[in-house]
Structures are given as structure tokens and as C-alpha cells.
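Residue numbers (this note's numbering): 17 to 188.
Structure follows, in C-alpha cells:
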């Protein structure tokens, strides 16, 4: 992890010390960072990652000192199985995380999209997952997905994803 200290306007000199190792290189895992979001109101930085490349089970890891350290206590498994996307929403001082969940109807091969929210702070307590997709989709790990909020519409949450219904790829 490495963070710019002055909007990266002066090239490499704009970047703080680092890079800082977030995970171990000797634990046998091949972690894959999927997304990152940083608070604009405090020093919290949040990563979404998988423990091993191209596997499910999305974890989050919180640093509360602008990424200088990544305490083990900051790592938590999320409800999501793949395709996590993070955003920080300053008007509510909260992190948002979108992703895929196993569907309630056939939890081995079908998924649905949802999101969770957590107030920024030194420890995160995620809300229950809120499902918003209206069609179950074939489960494909690592499907592209992006979550953000619309500043022009009172910070409404927006999410786009790629999926498959009945085996046919669909863009949503």
C-alpha cells in the first residue's frame, strides 16, 4: 500500500513512505486486493481482498492511521463471495461495499447482488446485507462489479455489474 501525500502532483516525490506490506509474503497465501476506499473525513483506509487469488470469500481490512499499519484486528470476512467494490460516502461518513451473495434459493450455483454499509471509525460494524437485484444469476467468480454513489442525486447508491441469466451473458 502507498498513499500520495499531496495529490500526486509532483510525481514520485508526492508519495509517502512505502510501499507498506499489507499481507505476508511467506504465509503461503496469494492475496488479491480487489478495491480500496479512503475516508476524506479521517485516517481510515479500507481494502477489500481475497486470501487467495481468484477465490471467493471477500475480506475487508481497515487501517485507521492512513495506511501506515494494517493491524490483524482490522481484517474481517464479509458476507460477499466475490466481486467486491468499495466507496466512501462523506455526507454520511460511511463506507459502502457491494458484491455478490449466494442466493437464498440455490446457494451453490446462483448469486444475487447487494451491499452493506458501515460508519467510518477505528472499527467497522457492517450492516446486514441489503439485496437489490431482482433476478438470480449464474455464479461466476470475479465478475466485474462497481459501486459508487451519485452526488447529484442526494448520494443515492449506484451499482453496475456483469452477469449471466440462464447461461447467457448480460450487462446490467
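Each residue gets a CB set at the ideal place from its N, CA and C atoms; glycine is no exception.
Close Cβ partners of residue 57 (< 8 Å) along its chain, the five nearest in sequence each way excluded:
106, 109 and 136
Could you tell me the alpha carbon to alpha carbon distance between residue 92 and residue 29, rounded to whole angstroms?
33 Å
Once the 5 residues before and after residue 21 are set aside, which same chain residues still bring their CB inside 6 Å of it?
32
For residue 164 versus residue 113, is the C-beta spacing smaller than 8 Å?
no
Cβ atoms of residue 117 and residue 128: under 8 Å apart, would you say?
yes
Measuring alpha carbon to alpha carbon, tell me which of 85, 59 and 94 ends up nearest residue 65.
94
For the putative contact between residue 80 and residue 51, defined by C-beta atoms under 8 Å, what is the C-beta separation to the nearest angstrom?
That pair is no contact at about 18 Å.
In terms of DSSP beta bridges, what is residue 162 paired with?
176
Nearest to residue 19 by alpha carbon, out of 45, 43, 41 and 62?
62
Distance check for residue 45 and residue 130, CA to CA, integer angstroms please.
27 Å
Quick check on DSSP: helix, strand or coil for residue 54?
strand
Reduced DSSP category for residue 79 - H, G, I as helix; E, B as strand; rest coil
strand
For residue 144, does the count of other Cβ atoms within 10 angstroms reach 16, so buried, or fall short, so exposed?
exposed
Compute the Euclidean distance between the alpha carbons of residue 111 and residue 54, then round it to the nearest angstrom.
9 Å
Between 169, 34 and 148, which has its C-alpha nearest residue 85's C-alpha?
34
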